[in-house]
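**Q** In the numbering used here, the protein residues as written are 3 to 398.
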Ligand SMILES: Cc1ncc(COP(=O)(O)O)c(C=O)c1O
């Protein structure tokens, strides 16, 4: 079968490049520790930053909603799948992020796909940060508009591109917290720039929502950028919120446009009631338990202080995503294995997820990590076995 042979060849190539991916089978809930193949591992790789994915309040809400409203939503939002619970969730999100309205999507990926497709036509301009998440890049690729990518965080390049364009509608699309680097977009400057050019700014704050800002509303709140006018915010509910799904928030007129025209909103089944109920419980905790964020940030601070002293290859990130760049795929895999030998799970991130030569271990922190958990991680990262992997030539 030539078709299958061809696929096998791509497998072979991927393995040779040390880029082969495998799925780990969890035998536990998402938590501070994970059970995999009988081994209990400290979890330093999930996006469950606030430790809500296995929280009793979310579980209780999901169970109660299932008892009352059943398991499936049964239809898309515009047919008869839009439950009162979806409506309540949207109201709570809008209140938290300070927007006129929010609309819930089934995933962050789908929310992102909706944005350029809904608002831009063939002759408009779409600008995207080079390190944007795959879903934002795919959103550009499937929209009728020609996407231009600007160098990472480069506000001057955005300014030039906006100034040089006579497109009727212009949009700047960026991650808030960058998913693989953990650094943040200069949203204040981008918002000012977009306002000057009458462009729309869309910030996908999948990794900032719940984690940043005085009451967890995310990067825009932290930077005093209001989710109104030409600013839209995308947030996900499957990361810090410990549930599933996503939202877009902003002025009602834009949100109504999404309801009317966004294909990934219209042509899909609404989220199950249990998921909406769990998300509502999560938003309440995000708002009321600021100590989760405080704990997370104190862990991040301690990690960065000690990692700096130990001269670890940190990136300029102040968020819960703390990658250590190791260069080659082989090195990243070796560190992944070394951590696992020491009962820690943190995953090697390799191309094409990141650029060639920047393979890394993406460490993530969670509010329920203890000081001893951090000691355990740091002990491995300052061990001779780890140091040898930082100097590949000597290690060969
Ligand atoms: C920046 C960013 N945006 C969007 C998504 C997609 O969100 P979801 O998992 O809800 O599809 C992710 C990761 O999953 C992400 O890291």
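Glycine residues also receive a C-beta, built at the ideal position from the N, C-alpha and C atoms.
Among the residues of its own chain, which have a CB less than 7 Å from the CB of residue 289, if the five just before and after it don't count?
**A** Once the five neighbours on either side are set aside, the close Cβ partners of residue 289 are 98, 217, 218.
**Q** Within a Cβ cutoff of 7 Å, which residues of the same chain sit near residue 224, ignoring the five residues on either side of it in sequence?
**A** Cβ neighbours of residue 224 beyond the five flanking positions: 214, 215.
**Q** Given the structure, does residue 12 come close to ligand 1, in the sense that its CB is under 7 Å from one of the ligand's heavy atoms?
**A** Not so, every heavy atom of ligand 1 lies at least 7 Å from the Cβ.
**Q** By Cβ distance, which residues of its chain are closer than 8 Å to residue 351, with the 5 residues on each side in sequence left out?
**A** The answer, listed in chain order, is 182, 325, 334, 361, 362, 363, 364.
**Q** If you reduce the DSSP assignment to three classes, tell me which class residue 264 lands in.
**A** Coil, per DSSP.
**Q** Roughly how many angstroms lie between the CA atoms of residue 220 and residue 300, to the nearest whole one?
**A** For residue 220 and residue 300, the distance between alpha carbons rounds to 17 Å.
**Q** Please report how far the alpha carbon of residue 261 lies from the alpha carbon of residue 251, in whole angstroms.
**A** Cα-Cα distance, rounded: 12 Å.
**Q** Which whole-angstrom value is the C-beta distance of residue 283 and residue 60, which I expect to be below 8 Å?
**A** At roughly 5 Å, the Cβ-Cβ gap stays under 8 Å, so residue 283 and residue 60 are in contact.
**Q** Ignore the nearest five residues each way along the sequence and tell me which others in residue 275's own chain have a CB closer than 6 Å to its CB.
**A** Taken in chain order, the residues that qualify are 67, 71, 85, 87.
**Q** Got a sec? Which residues, its chain only, sit under 6 Å from residue 39 by beta carbon, not counting five neighbours each side?
**A** If we look at residue 39 and ignore the five residues flanking it on each side, it has no Cβ neighbours.
**Q** Out of 266, 169, 193, 189, which one is the CA nearest neighbour of residue 119?
**A** Ranking the options by Cα distance to residue 119, first place goes to 266.
**Q** State yes or no: is the C-beta of residue 402 nearer than 7 Å to some heavy atom of ligand 1?
**A** Examination of residue 402 is not possible in this model, given that the chain is present from 3 through 398 alone.
**Q** Following the continuous beta strand (DSSP E) through residue 363, name the residue where it begins and the one where it ends.
**A** Note, residue 363: beta strand (DSSP E), 361-366.
**Q** Under the three-state reduction of DSSP, which class applies to residue 111: helix, strand or coil?
**A** Helix at residue 111.
**Q** Would you list the residues sitting across from residue 250 in a DSSP beta bridge?
**A** In DSSP, residue 250 forms a bridge with 105, 236.
**Q** Would you kindly report the start and end of the unbroken beta strand (DSSP E) that includes residue 174?
**A** Taken as a continuous stretch (DSSP letters only), the beta strand (DSSP E) holding residue 174 covers 172-177.
**Q** Which residue's Cα is closest to the Cα of residue 202: 128, 80, 135?
**A** Closest by alpha carbon: 128.
**Q** Mark residue 80 as exposed unless 16 or more other C-beta atoms lie within 10 angstroms of its C-beta, in which case mark it buried.
**A** That one is exposed.
**Q** How about residue 370 and residue 25: do their beta carbons lie closer than 8 Å?
**A** Result no, Cβ atoms of residue 370 and residue 25 do not sit closer than 8 Å.
**Q** Is residue 154 near ligand 1, with its Cβ less than 7 Å from a heavy atom?
**A** False, no ligand heavy atom lies under 7 Å from that Cβ.
**Q** Just to confirm before moving on: does the CB-CB distance between residue 281 and residue 102 stay below 8 Å?
**A** No, these two residues do not count as a Cβ contact at 8 Å.
**Q** Give every residue of the same chain whose Cβ lies closer than 6 Å to the Cβ of residue 396, excluding the five residues on either side of it in the sequence, and list them in chain order.
**A** The predicted model places residue 396 with a pLDDT of 43, which falls under 50 and marks its position as unreliable, so this point remains unresolved.
**Q** Considering just the uninterrupted stretch of the beta strand (DSSP E) at residue 323, what are its terminal residues?
**A** Element bounds for residue 323: 323-329.
**Q** Please give me, in chain order, every unbroken run of the alpha helix (DSSP H) with length at least 4 that falls completely inside the region 59-142.
**A** Complete alpha helix (DSSP H) runs here, min 4: 86-99, 110-121.
**Q** I'd like the span of the beta strand (DSSP E) that includes residue 204, first residue to last.
**A** Element bounds for residue 204: 202-206.
**Q** According to the Cβ coordinates, are residue 263 and residue 322 closer than 8 Å?
**A** Contact flag unset, no.
**Q** In whole angstroms, what separates the C-alpha of residue 303 from that of residue 29?
**A** Straight-line Cα distance between these residues: approximately 31 Å.
**Q** What does the alpha-carbon distance come out to for the pair residue 206 and residue 232?
**A** Cα-Cα distance, rounded: 14 Å.
**Q** I'd like the span of the alpha helix (DSSP H) that includes residue 42, first residue to last.
**A** Here residue 42 belongs to no alpha helix (DSSP H); instead the beta strand (DSSP E) covers 41-45.
**Q** Here's the rule I'm using: 16 or more other beta-carbon atoms within 10 Å means buried, otherwise exposed. How should residue 199 be labelled?
**A** Residue 199 comes out buried.
**Q** For residue 82, is the classification buried or exposed, using 16 other Cβ atoms within 10 angstroms of its Cβ as the cut-off for buried?
**A** It is exposed - the Cβ of residue 82 has fewer than 16 other Cβ atoms within 10 Å.
**Q** Would you tell me roughly how many angstroms separate the C-alpha atoms of residue 108 and residue 52, rounded to the nearest one?
**A** Taking the straight line joining both Cα atoms gives about 21 Å.
**Q** Would the C-beta of residue 100 count as close to ligand 1, meaning under 7 Å from any of its heavy atoms?
**A** No.
**Q** Give me, in chain order, the residues of the same chain whose beta-carbon lies closer than 8 Å to that of residue 132; leave out the 5 immediate sequence neighbours on both sides.
**A** Closer than 8 Å at the Cβ level, and outside the excluded window around residue 132, lie 151, 152, 153, 154.
**Q** What are the partner residues of residue 271, as DSSP defines its beta bridges?
**A** Partner(s): 78.
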